[in-house]
Amino acid sequence: MSDIDHAFASPLVRGLYLEAFGRPVVLVSAEADPVPGQALSVDLGAETEESSAASALKDALAAWRAKRGGAAMPGCIVLLSGGKASAYWPGLGYDDALRRAKARDASPLAVPAAARADAGSASRRSAVVEGRIALVTGGAQGFGEEIVRGLAASGALVFVADLNLAGAEKLSATLNSEAGKTVAIPVAVNVADEASVAAMFALTAEKAGGIDLVVSNAGVLKASSVLSQETSSFKFVTDVNYVGFFLMTKHAGLLLRRQSRTAPRWATDIIQINSKSGLEGSNKNGSYAGSKFGGIGLVQSFALELVEWKIKVNAICPGNFLNGPLWSDPVKGLFVQYLQSGKVPGAKTVDDVRKSYEGKVPMRRGCEGPDVMRAIYYLVEQEYETGQALPVTGGQVMLS
Ligand SMILES: NC(=O)c1ccc[n+]([C@@H]2O[C@H](COP(=O)([O-])OP(=O)(O)OC[C@H]3O[C@@H](n4cnc5c(N)ncnc54)[C@H](O)[C@@H]3O)[C@@H](O)[C@H]2O)c1
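Below, the structure written as structure tokens:
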């Protein structure tokens, strides 16, 4: 018997657990044959419409729970559909779910009475992402790597998505070995390619059941005068930064809406890493600033639509990450480029260029990973806000 379509089924099943526990779970799929003794089996027949499938699942679960006094959730849910079958095992963390799947441990799971009341509060801000399933594009280096590290250190399971698969694999292996458990999973993606983005979200559903937080961070910059920039270079920046965010939200949104069908109270987040250049123009850098300004228009519009599914959509607008590779790479970093091109009048060394950029910031330093992480924790924790662009610029750019 072959597996059923996980991209369709996993988020629906995961939603049942999110709704009951009020906290994140990881869901792994496995061979359903033989059906584990205590599992809840649901025959979806030929159903392919997600809201009908969600109703069938909720009804079957309600009947299963009513029989047991409502205090437990199934340790395993088996779905049958059109001659196909899959078993889904939930766990508090990836390795816990894998262990239960491997042991075929379908014993019912207790639902702690306090679980729902605790949801949404956090004793420390980073705890808001603990246990959540996150995905970060451009996660192999720069701000993306900082965000991956921050989320993993705060107890999230992070898909490290990047065009540079080798980089994503290396970072994931390092983090998993440091943590002694699975905290990061690499995945290849080109955010400007729709099939690639769709395949990436299908993989997250298959591996972990769904997602709670999507950080659309991958971005590129080709600084150039409007009088000389090649159209191909302008379009390249637009494709990755602007069209890429549309594709990310489209396919993340489809998955999150599916999950929401069975977890209507569970809030999820799509966060775009925008830029201070999305809030004010950038000289000889129009393709970048335009793509980022446009990103904020998309954020506001997508937020209005997706709020129906409790999907918040916000942007973070960081200042320059002067210690990151984009600026500090000793060969092709912006400090070296700006020194060579004479962009900073009077600058004789890389350090002169750096000082000139630090001098533009009221707080006299560049933006760092932890600054962006604080903004992410805030946006996830804040259930009463969407469609915002949050500056993290040390005071360099202020909202009007
Ligand atoms: N570095 C800064 O000073 C700064 C300031 C404000 C905002 N930002 C924004 O932060 C984000 C990250 O910037 P960074 O400077 O850390 O970048 P970076 O160049 O250091 O890293 C970008 C990562 O994205 C990946 N990537 C590039 N194109 C991709 C694609 N099509 N699909 C998937 N992955 C792709 C790269 O392989 C790389 O790992 C961008 O959106 C950028 O606009 C950066």
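In terms of our numbering, the sequence shown opens at residue 6 and continues consecutively.
Built from N, CA and C at the ideal position, the CB exists for glycine as well.
Values in this document were obtained by computation on a predicted structure and should not be read as measured data.
Starting from residue i, follow the alpha helix (DSSP H) in both directions and report where the run begins and ends.
i	result
Gln234	Careful: Gln234 lies outside any alpha helix (DSSP H) and carries neither H nor E.
Pro350	Premise fails: Pro350 is in no alpha helix (DSSP H) and is neither H nor E.
Tyr382	Gly374 to Glu386
Ser408	Not covered by the structure: residue 408. The range shown for the chain is 6 to 405.
Ser265	Gly249 to Thr267
Gly32	Here residue 32 is Leu; the residue named in the question, Gly, does not match the sequence. Here Leu32 belongs to no alpha helix (DSSP H); instead the beta strand (DSSP E) covers Val31 to Ala35.
Asp100	Tyr99 to Ala108
Glu285	Counting along the chain, Glu285 falls outside any alpha helix (DSSP H), and DSSP gives it neither H nor E.
Val245	Counting along the chain, Val245 falls outside any alpha helix (DSSP H), and DSSP gives it neither H nor E.
Lys297	Gly291 to Leu311
Please report how far the alpha carbon of residue i lies from the alpha carbon of residue j, in whole angstroms.
i	j	result
Ala166	Ser159	18 Å
Glu211	Ser292	36 Å
Asp123	Asn195	Reliability fails at Asp123, whose pLDDT of 42 lies under 50, so the model's placement of it is uncertain and the value that follows must be treated cautiously. Spanning the two alpha carbons is a distance of roughly 38 Å.
Glu55	Glu135	28 Å
Ala425	Pro335	Residue 425 is absent from the structure shown; the chain starts at 6 and stops at 405.
Lys72	Ala90	24 Å
Ile216	Trp271	11 Å
Val236	Thr243	It is Thr, not Val, that sits at residue 236 in the sequence shown. Going from the Cα of Thr236 to the Cα of Thr243 covers about 10 Å.
Ala25	Pro113	13 Å
Asn288	Ser296	14 Å
Ala228	Phe340	13 Å
Ser265	Gln401	38 Å
Val471	Ala115	This structure leaves residue 471 out entirely; the chain is present only between 6 and 405.
Ser46	Ala203	29 Å
Ser126	Leu395	Note that Ser126 scores 45 on pLDDT, short of 50, meaning its location in the model is unreliable; the coordinates nonetheless yield the value given after this. Going from the Cα of Ser126 to the Cα of Leu395 covers about 21 Å.
Leu49	Ala37	15 Å
Glu363	Arg369	5 Å
Gln406	Ala12	Lying before the first or after the last residue shown, residue 406 is absent from the chain, which here runs from 6 to 405.
Val312	Leu62	24 Å
Val153	Ala76	36 Å
Leu66	Arg19	12 Å
Ala51	Ser7	15 Å
Leu259	Asp110	31 Å
Arg121	Gly155	Annotation note: pLDDT 45 at Arg121 (below 50); position unreliable, no value reported.
Gln393	Gln305	7 Å
Arg359	Phe164	33 Å
Ser405	Leu284	10 Å
Trp314	Thr142	22 Å
Leu309	Gly347	44 Å
Arg137	Leu218	7 Å
Pro79	Thr209	22 Å
Ser128	Val377	Legend: pLDDT at Ser128 = 49, less than 50; position of this residue unreliable, no value from coordinates given.
Ala171	Glu150	13 Å
Ser221	Tyr247	11 Å
Ile276	Gln146	18 Å
Gly329	Leu226	14 Å
Ala213	His256	16 Å
Leu17	Ser177	27 Å
Tyr22	Ala58	16 Å
Phe239	Gly224	13 Å
Asn290	Leu140	28 Å
Ile278	Thr254	13 Å
Ala92	Thr398	47 Å
Pro39	Ser201	34 Å
Leu344	Gly371	18 Å
Would you kindly report the start and end of the unbroken beta strand (DSSP E) that includes residue i?
i	result
Phe326	No beta strand (DSSP E) holds Phe326; DSSP gives it neither H nor E.
Thr273	Thr273 to Ile278
Ala394	Ala394 to Val397
Determine which residues share a DSSP beta bridge with residue i and list them.
i	result
Ser221	Gln277
Leu114	Met78
Val318	Ile275
Taking 7 Å as the cut-off, is the beta-carbon of residue i closer than that to any non-hydrogen atom of ligand 2?
i	result
Val196	Absent from the structure shown: ligand 2. Ligands present: ligand 1.
The stretch 319 to 330 touching the stretch 299 to 308, judged by at least three CB pairs closer than 8 Å: With a cut-off of 8 Å, the stretch 299 to 308 and the stretch 319 to 330 count as touching, because enough Cβ pairs lie within range.
contact_flag[the stretch 350 to 357, the stretch 377 to 384] where n(CB pairs < 8 Å) is 3 or more: Touching, no, given that fewer than three Cβ pairs across the two stretches are closer than 8 Å.
Three-pair Cβ contact test at 8 Å for the stretch 25 to 43 versus the stretch 96 to 111: With a cut-off of 8 Å, the stretch 96 to 111 and the stretch 25 to 43 count as touching, because enough Cβ pairs lie within range.
3-residue-minimum beta strand (DSSP E) runs that sit fully inside the stretch 126 to 206, ordered along the chain: For the stretch 126 to 206, whole beta strand (DSSP E) runs of length 3 or above, ordered along the chain, are 138 to 142, 162 to 167 and 189 to 193.
Runs of alpha helix (DSSP H) lying entirely within the stretch 41 to 96, each at least 4 residues, in chain order: Within the stretch 41 to 96, the complete alpha helix (DSSP H) runs of at least 4 residues are 55 to 72.
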